[in-house]
Amino acid sequence: MSRTTQSRPLFDPPIVRRAIVDSFLKLDPRREIRNPVMFTVLVGSVLTAVLFFQAVLGEGEESSWFIFGISIWLWFTVLFANFAEAMAEGRGKAQAEALRRARQDVTAKKLLQGRRDGPQMAVSATSLRKGDVILCEAGDPIPADGEVIEGIASVDESAITGESAPVIRESGGDRSSVTGGTRVLSDWLVVRVGANPGEAFLDRMISLVEGAKRQKTPNEIALDILLAALTIIFLLACVTLLPFSLYSVASAGQGTPVTVTVLVALLVCLIPTTIGGLLSAIGIAGMDRMIQANVIAMSGRAVEAAGDVDVLLLDKTGTITLGNRQAVEFTPAEGVALPSLVDAAQLASLADETPEGRSIVVLAKEKYGLRGRELHDNQASFIPFTAQTRLSGVDLDGRHLRKGAADAIEAYVTERGGAMPDALRHRVDAISKQGGTPLVVSENNRPLGVIYLKDIVKGGIKERFAELRKMGIKTVMITGDNPLTAAAIAAEAGVDDFLAQATPEAKLKLIRDYQAGGRLVAMTGDGTNDSPALAQADVAVAMNSGTQAAKEAGNMVDLDSNPTKLLEIVHIGKQLLMTRGSLTTFSIANDVAKYFAIIPAAFAGTYPVLDKLNVMRLATPASAILSAVIFNALIIVLLIPLALRGVKHRPVDASRLLRDNLLIYGVGGLIVPFVGIKLIDVLLVLAHLAGKGA
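The sequence shown lines up with residues 17 to 710 when you count with my numbering.
Structure (structure tokens):
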């Protein structure tokens with residue numbers, strides 16, 4: 017899904033065409049009133065349109081061309097604001113349509129007795145109910161969300177995640193959740209349906225990505241209230257200016273009173289139309305950027321909270337480290353040649369399909385030139401690893417080769433009359449203190465040496481944590497390792513703190529402690545044991561591959577099931593807040609220039625002395641007012657790409673961020689309108705549209 021949206025251009029022609037149509041549909045006053053600023057502009061547009069027809073059909077308060085110019089640009093202002101919102105919504109709707117194509121009514125194999133070997137019945141997927149048990153075999157689409165209760169299979173989730181590589185789903189553990197709309201590629205699964213029709217994850221995703229259904233966040237609501245308050249204040253001010261103007265003209269016996277058309281233009285330029293027109297688009301685009309990152313946010317509140325997070329809880333395995341320990345060194349015991357140890361370690365690992373076992377074979381091959389050998393025809397007897405023995409190996413030509421945990425190998429060789437050398441014990445302890453995992457290799461009753469397995473910290477992760485630290489975000493590593501190992505990995509990765517031997521209760525307590533101190537906490541998880549902590553965290557990212565309990569507890573779902581996505585989510589959240597703050601600063605700042613343009617022109621007929629405030633030396637009052645109104649409409653158009661893409665976020669401290677924001681968007685918001693309004697005024701003069709006094 018998102019792989020196609022990431023490559024979609026900002027102004028995709030089909031989305032633009034739909035947005036143009038929606039811009040007119042959104043003129044419905046019942047919809048427009050949700051945005052008080054734009055509703056005020058809409059009322060002004062209707063009022064000036066009426067005044068224009070009055071001027072054409074009879075005697076108007078201003079020349080018909082002037083009223084028409086003001087009215088048409090007020091209509092454009094409303095339409096441009098609607099277009100920005102429709103563009104943001106259109107991108108979400110396009111993604112929703114892609115998801116709908118993934119949902120299909122298929123035939124499901126319902127197991128009447130809940131067993132694979134029991135009777136089954138073909139039913140429509142729409143008739144499945146929560147708790148039903150179904151069988152999905154190779155080639156079958158998975159008809160509904162659920163939990164795997166039996167079997168293991170590879171599943172194609174490209175219709176949901178956009179990733180072509182299949183994933184493994186199996187019963188038990190944290191990889192048991194399946195999503196309707198995906199397809200089984202091999203083997204079979206018995207699935208217990210987890211949702212009724214219309215309540216499935218795919219259905220929720222479709223409704224969430226449609227921008228029109230997005231719920232506003234608390235900060236956005238607060239800004240809406242502020243904009244509404246400013247609109248009411250300026251509305252009252254403009255309404256009272258007309259009687260003051262009439263009184264001044266009557267008492268002085270000269271001059272002309274201000275007209276309703278000019279007052280409407282003044283009001284529209286005074287109220288914060290720029291941010292009012294772009295606010296909805298900014299919020300919708302924030303959720304759209306999450307979806308482009310393959311993250312489904314359950315609410316705009318979660319996206320916004322991600323921008324305010326100051327504590328990140330990150331799982332060690334798969335997030336900070338590569339997820340699989342790798343062999344990095346062989347240390348022979350005293351009196352044992354290094355090639356003998358390497359040879360025995362590789363032979364003992366040839367049948368070991370774990371990532372650790374494969375890494376031993378690869379290290380022996382790449383560093384010591386030992387190529388893998390085929391032993392199945394040599395009467396080799398392989399010993400698989402079990403949780404009880406904690407060792408594995410091979411019996412070959414009278415040699416009994418074993419590798420495993422130090423205490424397991426010591427017990428093995430002791431039973432056969434051997435002993436563990438003290439020097440080897442010291443090496444085992446040293447590896448453990450460094451945060452590694454020691455595996456001892458033995459032949460018959462003799463220990464040969466130690467393999468150093470290391471958790472490989474991901475490249476660049478330390479630098480990313482340093483960036484987060486600059487932003488005032490504390491990073492905490494969560495791991496089930498012992499404190500010694502955890503401390504070593506934490507130091508290498510550069511995290512600020514760690515929680516070792518983490519239990520569900522310990523994770524929950526840690527989050528509550530941070531929140532009690534006024535911190536906002538984000539964490540990621542995929543297992544049922546993560547659910548309490550996910551439910552407690554302010555930003556809780558559940559893996560799509562995880563359990564249903566984890567996904568229900570989180571307020572975001574990562575479709576890629578990539579634990580490092582948490583760092584990207586925080587970045588997107590901060591980008592949303594920065595975009596809103598930057599455009600609000602720009603909107604308020606550029607109003608200052610519009611005051612200097614329109615106020616002297618609006619009251620020049622009533623108070624000629626105000627012409628001294630015409631610092632831009634605009635040609636005529638009519639030109640000044642029309643230039644300000646045109647600029648007011650065009651600036652929304654020019655800022656639409658910025659609202660949709662978002663302001664670039666840099667990992668710097670808050671004080672520098674505020675300074676840069678004021679310099680770029682504050683000072684820029686002051687300068688740009690002076691240049692823009694003057695340029696429009698010059699063009700109006702050249703086109704002979706400057707007119708006379710308003």
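Even for Gly, the Cβ is constructed at its ideal location relative to N, Cα and C.
Annotated as proximal: valine 164 and serine 192, with beta-carbon spacing under 7 angstroms. When secondary structure is reduced to three states using DSSP, glutamine 450 falls in the coil class, being assigned neither helix nor strand. Going by C-alpha positions, leucine 243 is about 28 angstroms away from aspartate 697. The alpha-carbon of alanine 556 is positioned some 8 angstroms away from that of glycine 541.
Within the region 446-503, complete beta strand (DSSP E) segments of at least 3 residues are found at 453-459, 462-473 and 490-494, given in chain order.
Secondary structure at arginine 596: helix, using DSSP grouped into helix, strand and coil. With a threshold of 16 other beta carbon atoms within 10 Å, aspartate 627 falls short and is exposed. Around the beta carbon of methionine 137, a 10 Å sphere encloses fewer than 16 other beta carbons of the protein chains shown; the residue is thus reported as exposed. Residue range 371-384 is occupied by the alpha helix (DSSP H) that includes glutamate 372. Between the alpha carbons of leucine 338 and lysine 470 lies a distance of about 10 angstroms. For leucine 328, the enclosing beta strand (DSSP E) stretches over residues 327-331.
Val94 is the residue among Val94, Val691, Phe40 and Ile399 whose C-alpha sits nearest the C-alpha of isoleucine 291. Under the DSSP assignment, threonine 142 falls outside any alpha helix (DSSP H); it carries neither an H nor an E label.
Per DSSP, reduced to three states, the secondary structure at leucine 407 is strand. Closest in C-alpha terms to proline 135, from the list Ile150, Lys146 and Glu166, comes Ile150. Taking the C-beta atoms as reference points, serine 143 is found no nearer than 7 angstroms to glutamate 166. Of the other Cβ atoms in all chains shown, 16 or more fall within 10 Å of the Cβ of tyrosine 428; this residue is therefore buried.
Look at the region 150-215 and you find these whole runs of alpha helix (DSSP H), each 4 residues long or longer: 174-177. Residue pairing for methionine 539: DSSP places it in a beta bridge opposite Leu329 and Ala556. Distances from the alpha-carbon of valine 410 to those of Ala367, Asn235 and Asp38 put Ala367 closest. Here glycine 488 is exposed: its Cβ has fewer than 16 other Cβ atoms, across all protein chains shown, within 10 Å. Residue burial annotation: glycine 269 is exposed, with fewer than 16 other C-beta atoms found within 10 angstroms of its C-beta. Rounded to whole angstroms, the gap between the alpha carbons of arginine 46 and threonine 64 is 20 angstroms. Residues Lys126 and Val209 of the same chain have their beta carbon placed closer than 7 angstroms to that of aspartate 148, with the five preceding and five following residues left out of the count. If you look at threonine 64, you'll find it in the alpha helix (DSSP H) that goes 52-73. With respect to isoleucine 477, isoleucine 336 sits close: the two C-beta atoms are nearer than 7 angstroms.
Per DSSP, reduced to three states, the secondary structure at arginine 341 is strand. Residue pairing by DSSP puts lysine 125 in a beta bridge opposite Ala138 and Leu151.
In this structure, DSSP gives alanine 313 an extended state, which the three-state scheme calls strand. Between asparagine 648 and alanine 318, the C-beta gap is not smaller than 7 angstroms, which leaves the two residues out of contact.
Burial check for tyrosine 530: the Cβ neighbour count within 10 Å reaches 16 or more, so the residue is buried. Sixteen is the threshold: when 16 or more other Cβ atoms of the shown chains lie within 10 Å of the Cβ of lysine 694, as they do, the residue is buried. The three-state secondary structure of leucine 412, taken from DSSP, is strand. Here the alpha carbons of alanine 422 and glycine 465 stand approximately 10 angstroms from one another. Straight through space, the alpha carbons of leucine 524 and proline 454 are spaced by roughly 32 angstroms.
Contact between the region 654-674 and the region 590-602 is established, with three or more Cβ pairs separated by less than 8 angstroms.
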